[in-house]
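Participant:
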DNA sequence: CATGAATGAGGCTTCATTCAT
DNA sequence: CATGAATGAAGCCTCATTCAT
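Chains as they are written, first to last, in UniProt numbering: chain A, 1 to 205; chain B, 1 to 205; chain C, 1 to 205; chain D, 1 to 205.
Here's what the structure looks like:
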């Protein structure tokens, strides 16, 4: 109704974003700990330190919370990987190494979300799943390009680029999916190192 | 209280086993189609053509049904892979190829169960999860041995055998997990062929 | 699965019908006492002496219960009125008197449901409302025919038959709608008698 | 604590009244469209172009809004009908015609509120309902007096005056309650005309 | 063995109302 | 005056599980 100082609007908007993030963080934690279906909306509210009702002012429903959680991490993949690859310069192999290292690092930061996207993605509605697939394809794209560049330049053999990307992503996700086993004998850096050696060893001429 | 002819007992026992299998099949189908949590026991009963009550004569509860479904497939891995490897003779690479081909083939036969074991394993109780992990380790074992044999014989480089097995299993599971994408450009045999080329290419001296 | 003696099937079907009727009766009572929206499904279950869950084996949801309640009484109108009119013979006025008397009598038996159909009908979905309108038109039909017969035979003036029926129904419903006021100075028979005198007095030549 | 110019007080008071009326109008619209229970206070605020909180500065709670809406229209009946009857002079029949015509006209102006008073009156608390009954009786009173005057003067038969009033009110309300059916073959004036002919035909000597 | 009617705890979600700004 | 973020009680409904037949 009234004109309100811009600063106030910004403050409100920022506050709203912070709230949204708080709720999402609580949800991701609990989804990871107990699974999506065993997590109640009340539990999310409690963990976030708010009331149940408030969840529904930031998210349409529980599934929305799940989708937001998964989209959140996949979005981070999509955004951070190209940056990391560009910082590595033009060499295809260097780009691949940097991108993969970043991918696994992000997964290691939020393993919950990665596991979630495997475990609960089919819980989502058709639209939600399609959104995920789109993000997944977008994440794969920079890797695919680096490999094809490498093939063109002769740095790599004429392998099936899509398949190599598929493997790279699987192996990266594997760090989260099978962490219970891997972490008994490897740390993050060693895992990245050895996997890169294997993958690159397979595609170098 | 009565003595019962043995033949009748056998007939009964067999009938019971068939029933159990029917229920399990219905459950696996529905778990795959709709997810474990969205599948109701009534739906399982309907699909199996029996009444709800009967489910509880063959399985303790719904989670039991899930565990049985997953154990079923993992057990098949454990049993069929050593056989396939033995049929391939003594050469480590041949054994690896045969074992991997069989692994992917079994997964292709019942992709549902594979996906299930990723998606719902955390739904299980502590005991159920431990049982799965045990089966997973047992499945990995023959692969690990073949690789170590190959390393010893000089057929393979001195790679981290456990890591290579980890990758082999991930890639095999990947056929089920990412079937929606892979099947757009590959068939089963090509997938097995190309993956073997990549993996073996990485570990050959 | 098995063939079952017909008698048993009948017994079950009958039992089911009784249950349905019990639940419906409890619901109508409570809807009348407290209004549809103030009546909880738990309250209905308690009144019916069953558990909440059972309601949902006989009715799809709460609205379904409301629709069933209203359809129930409107159906009774539709069925009992033609019978009463036929018992009255051929004379249009006698038929009208008998039909109206029956209408008010049925309303007096279950005033709740009549009030419900006024108060809550718009709570229903489009389909539910259409079903009600159809029943209402069917209830009106025999009255309309009697009046038109009377007009043709010269027993009644050339009045707007539809309007007279509209009035008859309103007045009959009025017995339930304004019972709190009417019952302070009239009983059922007197109400019927006097209203018939008024209505017939208005349409006689 | 400050003395405030009277003009300002008036301006404020008027502004407040306007706000109240705006809110009430929004509420009546929505109550009619969706029913009282399906209308949320947020929806009322939106429709009125204000915030939820403001509603509670003009009305104690949601039920208050309903009562105000119904009292509003019933008060209009009470006020306008005697005026219309007085303008018609002394003849009982003329007074009755004028009163009824006005009653139906007011109902036609705000059919929502009439329907509301049937549909939701039981939603009100004891006090609210009693207030409605009082208003209803007050509305009926001038009609009753006209009929008794007519009976005394010999213009009408010795009918049950209260019952005739009951019918008049029912028939008037019927215009709103059954508008969906009536409006398919009648307009307002015809309805008034024909109903008056029927009712007066029934009570003329 | 087999049935399926019955149970009831518990989950998701809505929405009237408040209060700090 | 006015806002709208926040609350939390309460309702509808589902569904795993039992048990009398």
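Note that the Cβ used here is the ideal one computed from N, Cα and C, for glycine as well.
To the nearest angstrom, report how far apart residue 134 of chain B and residue 18 of chain B are at their CA atoms.
Facilitator: For the purposes of this step, residue 134 of chain B is taken as the residue at position 134 of the second chain. For the purposes of this step, residue 18 of chain B is taken as the residue at position 18 of the second chain. About 27 angstroms.
Participant: On the three-pair Cβ rule with 8 angstroms, is the stretch 176 to 195 of chain D touching the stretch 150 to 165 of chain C?
Facilitator: A contact exists between the stretch 176 to 195 of chain D and the stretch 150 to 165 of chain C.
Participant: Out of C:116, C:119, C:114, C:83, which has the shortest C-alpha to C-alpha gap to residue 102 of chain C?
Facilitator: Counted from its first residue, the third chain places residue 102 of chain C at position 102. The option with the nearest alpha carbon to residue 102 of chain C is C:83.
Participant: According to DSSP, simplified to helix, strand and coil, what is residue 37 of chain D?
Facilitator: By one-based count along the fourth chain, residue 37 of chain D stands at place 37. Of the three classes helix, strand and coil, the one that applies to residue 37 of chain D here is coil, per DSSP.
Participant: Can you list, in chain order, the residues of its chain whose CB lies under 6 angstroms from that of residue 32 of chain A, leaving out five sequence neighbours each side?
Facilitator: On the first chain, residue 32 of chain A is found 32 positions in, with the first residue counted as 1. Closer than 6 angstroms at the Cβ level, and outside the excluded window around residue 32 of chain A, lie 112.
Participant: Tell me whether residue 167 of chain B sits in a helix, a strand or coil according to DSSP, three-state version.
Facilitator: Here residue 167 of chain B refers to the residue found at position 167 of the second chain. Reduced to three states, the DSSP call for residue 167 of chain B is helix.
Participant: I want to know whether the stretch 139 to 152 of chain D touches the stretch 118 to 130 of chain D - three or more CB-CB distances under 8 angstroms.
Facilitator: No, they do not touch.
Participant: Please list the partners that residue 202 of chain C has in chain D, where partner means a Cβ-to-Cβ separation under 9 angstroms.
Facilitator: For the purposes of this step, residue 202 of chain C is taken as residue 202 along the third chain, with counting starting at 1. Correct list: 197, 198, 199, 200, 201, 202, 203.
Participant: Which residues, taken in chain order from the stretch 152 to 169 of chain C, show a beta carbon closer than 9 angstroms to some beta carbon of chain D?
Facilitator: Going along the stretch 152 to 169 of chain C in chain order, one finds 157, 159, 160, 162, 163, 164, 166, 167, 169 with a Cβ nearer than 9 angstroms to chain D.
Participant: Assign residue 184 of chain B to buried or exposed, taking buried as 16 or more other Cβ atoms, counted over all protein chains shown, within 10 Å of its Cβ.
Facilitator: Your numbering for residue 184 of chain B matches position 184 in the second chain. Residue 184 of chain B is exposed by the Cβ-count criterion.
Participant: Any beta carbon from chain B within less than 8 angstroms of residue 145 of chain A's own beta carbon?
Facilitator: Taking the first chain and counting its residues from 1, one reaches residue 145 of chain A at position 145. By this cut-off, residue 145 of chain A is not an interface position.
Participant: Using a C-beta to C-beta distance shorter than 8 angstroms, which residues of chain A count as neighbours of residue 178 of chain B?
Facilitator: Position 178 of the second chain, counted from the first residue, corresponds to residue 178 of chain B. Per Cβ cutoff of 8 angstroms: 166, 170.
Participant: For the structure I just gave you, are there three or more beta carbon pairs, one from the stretch 60 to 76 of chain D and one from the stretch 15 to 30 of chain D, closer than 8 angstroms?
Facilitator: Taking 8 angstroms as the limit for Cβ pairs, the verdict is that the stretch 15 to 30 of chain D does touch the stretch 60 to 76 of chain D.
Participant: Given a threshold of 16 other Cβ atoms within 10 Å of its Cβ, counted over all protein chains shown, does residue 139 of chain B qualify as buried or as exposed?
Facilitator: The residue you call residue 139 of chain B lines up with position 139 of the second chain. Its Cβ being crowded by 16 or more others within 10 Å, residue 139 of chain B is buried.
Participant: Using CA atoms only, rank isn't needed, just tell me which of D:86, D:76, D:41, D:96 is closest to residue 108 of chain D.
Facilitator: Stepping through the fourth chain from its first residue, residue 108 of chain D is reached at position 108. The shortest Cα separation from residue 108 of chain D among D:86, D:76, D:41, D:96 belongs to D:76.
Participant: Please report how far the alpha carbon of residue 131 of chain D lies from the alpha carbon of residue 66 of chain D, in whole angstroms.
Facilitator: As a first step, residue 131 of chain D must be located in the fourth chain, where it is residue number 131. As a first step, residue 66 of chain D must be located in the fourth chain, where it is residue number 66. Approximately 13 angstroms between the Cα atoms of the pair.
Participant: Give every residue of the same chain whose Cβ lies closer than 7 angstroms to the Cβ of residue 30 of chain C, excluding the five residues on either side of it in the sequence, and list them in chain order.
Facilitator: By one-based count along the third chain, residue 30 of chain C stands at place 30. Around residue 30 of chain C: 39, 43, 44, 47.
Participant: Report yes if the CB atom of residue 58 of chain B is closer than 8 angstroms to the CB atom of residue 95 of chain B, and no otherwise.
Facilitator: Locating residue 58 of chain B in the second chain gives position 58, where the first residue counts as 1. Locating residue 95 of chain B in the second chain gives position 95, where the first residue counts as 1. For residue 58 of chain B and residue 95 of chain B, no; Cβs fall outside 8 angstroms.
Participant: From the beta carbon of residue 182 of chain D, is the nearest beta carbon of chain C less than 8 angstroms away?
Facilitator: Start at 1 with the first residue of the fourth chain, and residue 182 of chain D comes out as number 182. Yes, its Cβ sits closer than 8 angstroms to a Cβ of chain C.
Participant: Please confirm whether residue 153 of chain C and residue 92 of chain C have their CB atoms less than 8 angstroms apart.
Facilitator: One-based indexing of the third chain puts residue 153 of chain C at position 153. One-based indexing of the third chain puts residue 92 of chain C at position 92. Yes, they are a contact pair.
Participant: In angstroms with no decimal places, state the Cα-to-Cα distance between residue 86 of chain B and residue 128 of chain B.
Facilitator: Against the second chain, residue 86 of chain B aligns to sequence position 86. Against the second chain, residue 128 of chain B aligns to sequence position 128. Cα-Cα distance, rounded: 30 angstroms.
Participant: Answer with buried or exposed for residue 1 of chain D, where buried requires no fewer than 16 other C-beta atoms within 10 angstroms of its C-beta.
Facilitator: Here residue 1 of chain D is taken as the residue at index 1 of the fourth chain, counted from 1. Note on residue 1 of chain D: pLDDT 46, under 50, position unreliable in the model; the coordinate value appears next. Burial call: exposed.
Participant: So, is the C-beta of residue 81 of chain A closer than 8 angstroms to a C-beta in chain B?
Facilitator: Translated into positions along the first chain, residue 81 of chain A becomes position 81. Chain B contact via Cβ: absent.
Participant: Between residue 35 of chain B and chain A, is there a C-beta pair that is closer than 8 angstroms?
Facilitator: Along the second chain, one-based indexing puts residue 35 of chain B at 35. Residue 35 of chain B counts as touching chain A.
Participant: Answer with yes or no whether the minimum CB distance from residue 243 of chain C to chain D is below 8 angstroms.
Facilitator: Because chain C in this structure spans residues 1 to 205, residue 243 of chain C falls outside the shown range and cannot be described.
Participant: Would you decide whether residue 114 of chain D is buried or exposed? Buried here means 16 or more other CB atoms lie within 10 Å of its CB.
Facilitator: Stepping through the fourth chain from its first residue, residue 114 of chain D is reached at position 114. Buried, because 16 or more other Cβ atoms sit within 10 Å of the Cβ of residue 114 of chain D.
Participant: I need the straight-line Cα distance from residue 180 of chain A to residue 90 of chain A, nearest angstrom please.
Facilitator: Taking the first chain and counting its residues from 1, the one referred to as residue 180 of chain A is at position 180. Taking the first chain and counting its residues from 1, the one referred to as residue 90 of chain A is at position 90. Answer to the nearest angstrom: the Cα atoms are 36 angstroms apart.
Participant: Could you tell me which chain D residues have their CB closer than 7 angstroms to the CB of residue 174 of chain C, listed as they occur along the chain?
Facilitator: Stepping through the third chain from its first residue, residue 174 of chain C is reached at position 174. Those within 7 angstroms of residue 174 of chain C in chain D are 166, 170.
Participant: Looking at C-alpha atoms only, which residue of A:79, A:88, A:106 is the closest neighbour of residue 137 of chain A?
Facilitator: If you number the first chain from 1, residue 137 of chain A lands on position 137. Taking only the C-alpha atoms, the option nearest residue 137 of chain A is A:79.
Participant: Output the boundary residues of the alpha helix (DSSP H) element that contains residue 53 of chain D.
Facilitator: Reading the fourth chain from its first residue, position 53 is the one you call residue 53 of chain D. Taken as a continuous stretch (DSSP letters only), the alpha helix (DSSP H) holding residue 53 of chain D covers 52 to 58.
Participant: Looking at the C-beta of residue 123 of chain C, does it have a partner C-beta in chain D at a distance below 8 angstroms?
Facilitator: Working through the third chain from its first residue, we reach residue 123 of chain C at position 123. Answer yes: the Cβ-Cβ gap between residue 123 of chain C and chain D drops below 8 angstroms somewhere.
Participant: Check the Cβ-Cβ distances between residue 2 of chain C and every residue of chain D, and say whether any is below 8 angstroms.
Facilitator: Start at 1 with the first residue of the third chain, and residue 2 of chain C comes out as number 2. Because residue 2 of chain C carries a pLDDT of 48, less than 50, the predicted location of this residue cannot be relied on, and no value is offered for it.
Participant: Measure the Cβ-Cβ separation of residue 188 of chain B and residue 104 of chain B and say whether it is below 8 angstroms.
Facilitator: Counted from its first residue, the second chain places residue 188 of chain B at position 188. Counted from its first residue, the second chain places residue 104 of chain B at position 104. Cβ atoms of residue 188 of chain B and residue 104 of chain B: closer than 8 angstroms.
Participant: Using the Cα positions of residue 123 of chain D and residue 171 of chain C, report the straight-line distance between them to the nearest angstrom.
Facilitator: Position 123 of the fourth chain, counted from the first residue, corresponds to residue 123 of chain D. Position 171 of the third chain, counted from the first residue, corresponds to residue 171 of chain C. About 24 angstroms.
Participant: Can you list the residues of chain D that residue 194 of chain C reaches, using a CB-CB cut of under 9 angstroms?
Facilitator: Taking the third chain and counting its residues from 1, the one referred to as residue 194 of chain C is at position 194. The contacting residues are 159, 160, 163.
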